[in-house]
Amino acid sequence: MPLYSSVKPSVQRKWIFNMPLHLRHKLFNAKLSEELQEKYGIKRLPVRVGDTVRIMRGSFAGHEGKVVKVDLKRVRIFIEGAQIKKADGTPVYY
3 MPLYSSVKPS VQRKWIFNMP LHLRHKLFNA KLSEELQEKY GIKRLPVRVG DTVRIMRGSF
63 AGHEGKVVKV DLKRVRIFIE GAQIKKADGT PVYY
């Protein structure tokens with residue numbers, strides 16, 4: 003069952019933008035590996051801190067690391083090792 007049942011894209015975007023945090027956790031579903039799919043009989047699970055994930059898109063594609071933090075408010079997942087350096091040399095999660 004969908005979280006919201008509007009046909010209008012603008013209303014769907016508004017729902018995601020104003021979504022309560024306890025429901026926003028469902029936006030962070032990630033596909034499981036083939037072995038885990040067979041083991042648990044499920045294709046996707048929400049990402050949690052401590053999970054090992056592989057980045058599939060972007061400049062860090064192919065990188066594997068542990069989830070350090072899940073920011074529900076900003077819709078961000080911080081992964082160990084996926085960091086860039088600022089001009090002053092301090093590392094920042096990408």
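Quick note on our numbering: the sequence shown kicks off at 3 and runs consecutively.
Glycine is no exception: its CB is placed at the ideal position from the N, C-alpha and C atoms.
Inside the region 45 to 91 only - beta strand (DSSP E) runs reaching at least 3 residues: 46 to 48, 54 to 56, 66 to 73, 78 to 81, 85 to 87
Could you please give me the residues that DSSP links to valine 94 through a beta bridge? Ile86
Over the uninterrupted alpha helix (DSSP H) stretch that includes lysine 41, give me the two end residues. 36 to 42
Residues in its own chain within less than 6 Å of glutamate 66 by CB, not counting five upstream and five downstream? Arg56
Between the beta-carbon of valine 77 and the beta-carbon of valine 51, is there less than 8 Å? no
Please report the straight-line C-alpha distance between leucine 25 and lysine 75, rounded to a whole angstrom. 11 Å
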